[in-house]
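Taken in order, the sequence shown gives residues 1 to 294; the numbers are from full-length UniProt numbering.
Where is the CB? At the ideal position from N, CA and C, for every residue including glycine.
I have placed the structure first, in the form of structure tokens, so that the comments after it can refer back to it.
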Amino acid sequence: MDVDLAIERMGGMASRAALIRASSRAEVDRALSVGAIVRVGQGRYTVPGVDAAAALAHAMNGVLCLTSAALRHGWEVKAVPPKPHVLVPRNRNVPQRYRERVVVHSADLAPDDVTDQATSRELTLVQCLRMLPYDEALVIADSALRAGEHATLVRATSLVRGRGQAGARRVGATANGDAANAFESVTRAICNTVPGLSVRPQVVISSPHCWARPDLVDRDRRIVIECDSYEWHGSREGFRKDVRRYTLLAADGWLVLRFTWEDVMFRQEWVREVLVRVVADAQALVPPRGLAAA
Numbered sequence: 001m002d003v004d005l006a007i008e009r010m011g012g013m014a015s016r017a018a019l020i021r022a023s024s025r026a027e028v029d030r031a032l033s034v035g036a037i038v039r040v041g042q043g044r045y046t047v048p049g050v051d052a053a054a055a056l057a058h059a060m061n062g063v064l065c066l067t068s069a070a071l072r073h074g075w076e077v078k079a080v081p082p083k084p085h086v087l088v089p090r091n092r093n094v095p096q097r098y099r100e101r102v103v104v105h106s107a108d109l110a111p112d113d114v115t116d117q118a119t120s121r122e123l124t125l126v127q128c129l130r131m132l133p134y135d136e137a138l139v140i141a142d143s144a145l146r147a148g149e150h151a152t153l154v155r156a157t158s159l160v161r162g163r164g165q166a167g168a169r170r171v172g173a174t175a176n177g178d179a180a181n182a183f184e185s186v187t188r189a190i191c192n193t194v195p196g197l198s199v200r201p202q203v204v205i206s207s208p209h210c211w212a213r214p215d216l217v218d219r220d221r222r223i224v225i226e227c228d229s230y231e232w233h234g235s236r237e238g239f240r241k242d243v244r245r246y247t248l249l250a251a252d253g254w255l256v257l258r259f260t261w262e263d264v265m266f267r268q269e270w271v272r273e274v275l276v277r278v279v280a281d282a283q284a285l286v287p288p289r290g291l292a293a294a
């Protein structure tokens with residue numbers, strides 16, 4: 001897989017190791033040399049548009065906000081925005097040449113609300129929790145937790161009042177830094193809409209025959225959900241190991257469901273329908289409480 005496509009699918013941010021698994025060391029080095037990816041820290045890379053978006057916001061006397069600000073802070077997003085989100089002061093007249101290149105938002109900010117040409121981490125989370133759909137906000141909240149921003153997320157959740165408050169509380173209550181990536185976060189967001197299904201990310205399953213840490217696990221219903229795509233296997237050997245692991249889990253009585261990136265991102269209702277059917281079937285197999293098994 002091309003490195004630039006891989007990093008887009010990984011939420012716009014990725015480690016060097018993850019990119020190498022999706023392509024090769026040579027391809028990653030080549031992408032870096034031609035500017036297809038940009039290094040933002042030790043072993044961390046992002047899409048090239050992040051710095052360009054910050055420069056454009058500066059030229060407009062604005063700052064990046066929402067998903068563009070999240071990327072600026074090093075957090076993953078569900079989808080890299082095709083145009084940067086830029087916040088400008090209220091009543092600011094934005095020339096047409098800029099309006100064609102960005103999504104304009106308006107608000108007056110205090111000095112503490114701005115960090116590195118973007119809304120501060122706290123304000124970025126407040127705006128994302130308030131304004132974004134649940135799955136998009138959950139991706140950013142999970143990524144912020146992985147970056148150590150637990151206290152920031154708690155404060156941001158408490159600051160959302162009125163419009164968007166219920167959604168913000170929902171994201172704050174279900175965010176989990178154990179989620180590995182944006183793909184997994186979006187899958188969990190879908191799972192969280194299915195009554196009776198309760199999944200947790202990266203739970204260890206251990207038995208005399210199998211050791212595994214699947215992407216999502218519902219222990220009570222013995223359901224394993226894997227976020228499956230070739231860039232996460234990276235090689236035939238990785239693919240073989242995963243198939244063996246799925247087989248051993250099934251032999252131990254686990255139901256293993258595998259969803260592709262394309263289906264999770266673009267066929268969410270279909271994914272949800274499958275999960276609803278599985279939960280209904282699992283409930284039908286559970287004997288009524290108080291009755292002895294035949």
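Asked                                                                                                                                                               : Found
Does DSSP put residue 308 in a helix, in a strand, or in coil?                                                                                                      : Coverage of the chain is limited to positions 1 through 294, which leaves residue 308 absent and any answer about it impossible.
Do you know how far the Cα of G74 is from the Cα of L291?                                                                                                           : Below a pLDDT of 50, predicted positions are generally treated as unreliable, and L291, at 38, falls in that range; no measurement from the model is reported.
Pull up the CB-CB distance for V217 and V199, whole angstroms please, since I reckon it's below 8 Å.                                                                : 6 Å
Under a three-way DSSP split, which group does E226 fall into?                                                                                                      : strand
Using the Cα positions of G49 and D242, report the straight-line distance between them to the nearest angstrom.                                                     : 34 Å
So M1 packs on S15, CB below 8 Å; how close in whole Å?                                                                                                             : The Cβ separation is near 16 Å, so there is no contact.
State whether the region 125 to 135 contacts the region 154 to 172, with contact taken as three or more CB pairs (one from each stretch) at a distance under 8 Å.   : yes
Roughly how many whole angstroms lie between the Cα atoms of V86 and G12?                                                                                           : 18 Å
With a threshold of 7 Å on Cβ separation, who are the neighbours of V104 within its own chain once the five nearest residues in sequence on each side are excluded? : V86, V88 and V94
Between R289 and the rest of its own chain, which residues show a CB-CB distance below 8 Å, the 5 nearest in sequence each way excluded?                            : Low per-residue confidence applies at R289: pLDDT is 44, beneath 50, and the placement is therefore not dependable enough to give any value.
In its own chain, which residues sit with a C-beta less than 7 Å from the C-beta of Q268, not counting the 5 before and 5 after it?                                 : I190
Check whether the region 247 to 256 and the region 171 to 183 are in contact - that is, three or more C-beta pairs closer than 8 Å.                                 : no
Around the Cβ of V139, are there at least 16 other Cβ atoms within 10 angstroms (buried) or fewer (exposed)?                                                        : buried
Taking only three categories from DSSP, how would you classify L132?                                                                                                : coil
With H58 as the anchor, note down where its alpha helix (DSSP H) starts and where it stops.                                                                         : G49 to A59
Look at the alpha carbon of D116 and the alpha carbon of M60, and state the distance between them as a whole number of angstroms.                                   : 15 Å
Helix, strand or coil for V94, going by three-state DSSP, please let me know.                                                                                       : coil
Can you round the beta-carbon distance between R213 and V203 to whole angstroms, since I take them to be within the 8 Å contact cut?                                : 7 Å
Using three-state DSSP, classify P201 as helix, strand or coil.                                                                                                     : strand
Does DSSP put R289 in a helix, in a strand, or in coil?                                                                                                             : Confidence in R289 is poor, its pLDDT being 44 and thus under 50, which makes the residue's placement unreliable; the coordinate value appears in the next sentence. Reduced to three states, the DSSP call for R289 is coil.
Taking buried to mean at least 16 other C-beta atoms within 10 Å of its own C-beta, is A280 buried or exposed?                                                      : exposed
On the CB-based measure, 16 or more other CB atoms within 10 Å of its CB, does V34 come out buried or exposed?                                                      : exposed
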